[in-house]
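The block underneath contains the structure these notes are about, expressed in C-alpha cells.
In my numbering, the protein residues as written are 1 to 67.
This is how it looks when you write it as C-alpha cells:
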C-alpha cells in the first residue's frame, strides 16, 4: 500500500532518469534511511528498480528508476 512518501518518490523518478538514494532523500526532504526503506518497498511491489554502482572514490551507491 502506497503512502505519501511512496508517491513523492514515484513522482520525482518520473521527472528524472535515475537518482541515488541520497538524491531522492534531499529532493523530497526526508532522511536517507527513510528514502532507502521506501525505495526497497517500491521495488518489492515492482514499481521501481535499482542497480548498485561504484563511484570514482571506490564508494558504492544505489541508483533507482521507474520500471
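Just so you know, even glycine gets a beta-carbon here, dropped at the ideal spot from N, CA and C.
On a predicted model such as this, the values are computed, not experimentally measured, just so you know.
Does DSSP put residue 51 in a helix, in a strand, or in coil? strand
Check whether the Cβ atoms of residue 39 and residue 65 sit closer than 7 angstroms, and answer yes or no. no
Would you decide whether residue 55 is buried or exposed? Buried here means 16 or more other CB atoms lie within 10 Å of its CB. exposed
Go ahead and pull the three-state DSSP assignment for residue 42. helix
Tell me the DSSP secondary structure of residue 18 in three-state form. coil
Below 7 angstroms between beta carbons: does that hold for residue 21 and residue 3? no
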